[in-house]
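**Student:** Got a structure for you, written out below as structure tokens; questions coming shortly.
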Amino acid sequence: MIFNKLHEWNVSPEQAIALQRTLASQIVQEDYLSDVQFIAGVDMALSLHHGRGRAAVVVLTYPDLHVVEEQVHEDVLLMPYIPGLLSFRELPCILGAFEKLVRIPDLIMVDGMGIAHPRRLGIACHLGLWLNIPTIGCGKSILAGKYDHNALSEEKGSCTPLISRGTIIGQVVRTRTKVAPLFISSGHLISLKTSVEYVLACATKYRLPEPTRLADKLSKDKTRSL
DNA sequence: GCGACAG
DNA sequence: ATCTTGTCGC
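Have a look at this one:
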């Protein structure tokens with residue numbers, strides 16, 4: 001598939017932050033989804049010496065969740081990991097995997113934050129803008145905001161708002177009973193409510209929803225080099 | 001100013 | 001994220 005080249009990737013941390021501020025104003029938090037027939041999951045694995053990375057994208061049917069396409073792409077990492085600037089480290093490689101994709105997904109689930117980010121531009125938002133496809137941020141740990149731990153019961157499906165500066169930036173969602181929750185937020189072209197619905201619909205047997213769980217597994221595939 | 005900090 | 005074996009619990 002093809003996408004919009006919004007900017008260069010070899011930028012300084014200061015330039016990256018400036019870009020995030022500009023891009024954040026372009027994020028759409030309303031639902032603009034077409035009939036969702038295909039959902040993709042994306043994740044990335046890093047090499048032993050953190051010199052290279054391998055991005056994996058898995059496309060599954062919805063709501064049956066059957067895999068219809070898988071693509072991986074390896075590349076050198078340009079930037080180190082800096083909290084808040086994750087997309088500048090991982091997206092170049094992830095976009096390489098999307099270039100190889102034949103089946104265009106209607107919705108994408110990303111391993112990382114959406115707008116639940118210091119400048120409201122997590123990796124899911126950034127990817128959504130480059131692809132112009134709805135994206136959901138599915139983080140395994142918190143980056144920004146706070147929530148009432150007591151408002152989250154042990155049962156699957158339980159959730160409580162993630163709040164920052166007086167506004168709801170995401171939902172802390174329990175995808176499995178008695179298992180650590182996930183931090184869900186809108187990426188681009190989708191509402192928070194709809195995001196949570198899709199995550200729960202794809203969280204069948206594990207903590208991670210099937211799209212990102214399978215992408216995570218594929219990126220770590222031991223039968224490949226790196 | 002101090003501490004926290006997705007993957 | 002990654003380094004790593006067995007082990008507790010449903």
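In full-length UniProt numbering, the protein residues as written are 1 to 226. Even for Gly, the Cβ is constructed at its ideal location relative to N, Cα and C. Note that the structure is predicted; figures quoted are calculated from it, not measured.
In this structure, how does DSSP classify F38 when only helix, strand and coil are distinguished?
**Tutor:** In the structure shown, F38 sits in a strand (DSSP, three-state: E or B).
**Student:** Suppose you measure from the CA of P118 to the CA of V36; what does that come to, to the nearest Å?
**Tutor:** For P118 and V36, the distance between alpha carbons rounds to 30 angstroms.
**Student:** With a cut-off of 8 angstroms, do at least 3 Cβ pairs link the region 123 to 136 to the region 46 to 56?
**Tutor:** Verdict: no, contact absent.
**Student:** Do I133 and S186 have their beta-carbon atoms positioned less than 9 angstroms apart in this structure?
**Tutor:** Not closer than 9 angstroms, so no.
**Student:** What residue range does the alpha helix (DSSP H) around S219 cover?
**Tutor:** Start and end: E210 to S219.
**Student:** Would you list the one or two residues that DSSP bridges to S47?
**Tutor:** Answer is none; S47 lacks a bridge partner.
**Student:** At 3 residues or longer, what runs of the beta strand (DSSP E) sit wholly inside the region 123 to 148?
**Tutor:** Within the region 123 to 148, the complete beta strand (DSSP E) runs of at least 3 residues are 135 to 139.
**Student:** For V28, which residues in the same chain have their Cβ closer than 7 angstroms to its Cβ, ignoring the five residues on either side in sequence?
**Tutor:** H188 and L189.
**Student:** Let's test the definition: count the other Cβ atoms within 10 Å of the Cβ of Q15 and tell me whether it reaches 16, buried, or not, exposed.
**Tutor:** Its Cβ having fewer than 16 others within 10 Å, Q15 is exposed.
**Student:** How would you write the range of the beta strand (DSSP E) that E74 sits in, first residue to last?
**Tutor:** V67 to V76 is the span of the beta strand (DSSP E), which, as asked, contains E74.
**Student:** Could I get the ranges of all uninterrupted alpha helix (DSSP H) runs contained in the region 155 to 189, with 4 residues as the minimum, in chain order?
**Tutor:** Correct list: empty.
**Student:** Can you tell me whether I83 is buried or exposed, with buried defined as 16 or more other CB within 10 angstroms of its CB?
**Tutor:** One point to set straight first is that residue 83 is Pro, not Ile, in the sequence displayed. Looking at its Cβ environment, which holds fewer than 16 other Cβ atoms inside 10 Å, P83 is exposed.
**Student:** Exposed or buried, A180, counting other C-beta atoms within 10 Å across all chains shown (16 or more means buried)?
**Tutor:** Counting Cβ neighbours within 10 Å, A180 comes out exposed, since fewer than 16 surround it.
**Student:** Would V199 pass as a contact of I108 if the rule is Cβ separation under 9 angstroms?
**Tutor:** No, the pair does not count as a contact, with Cβ atoms beyond the cut-off.
**Student:** Just how far apart, CA to CA, sit S164 and L46?
**Tutor:** Cα-Cα distance, rounded: 31 angstroms.
**Student:** Give the range of the beta strand (DSSP E) segment to which T223 is assigned.
**Tutor:** No beta strand (DSSP E) contains T223, which DSSP labels as neither H nor E.
**Student:** Reducing DSSP to helix, strand and coil, say where R207 ends up.
**Tutor:** R207 falls in the coil class under three-state DSSP.
**Student:** Tell me which residues share the same chain as P105 and place their Cβ nearer than 8 angstroms to its Cβ, disregarding the 5 neighbours each side in the sequence.
**Tutor:** Around P105: F38, I39, A40, V59 and I133.
**Student:** Reducing DSSP to helix, strand and coil, say where L107 ends up.
**Tutor:** In the structure shown, L107 sits in a strand (DSSP, three-state: E or B).
**Student:** With a threshold of 6 angstroms on Cβ separation, who are the neighbours of Y206 within its own chain once the five nearest residues in sequence on each side are excluded?
**Tutor:** So the list reads R213, once near-sequence residues are dropped.
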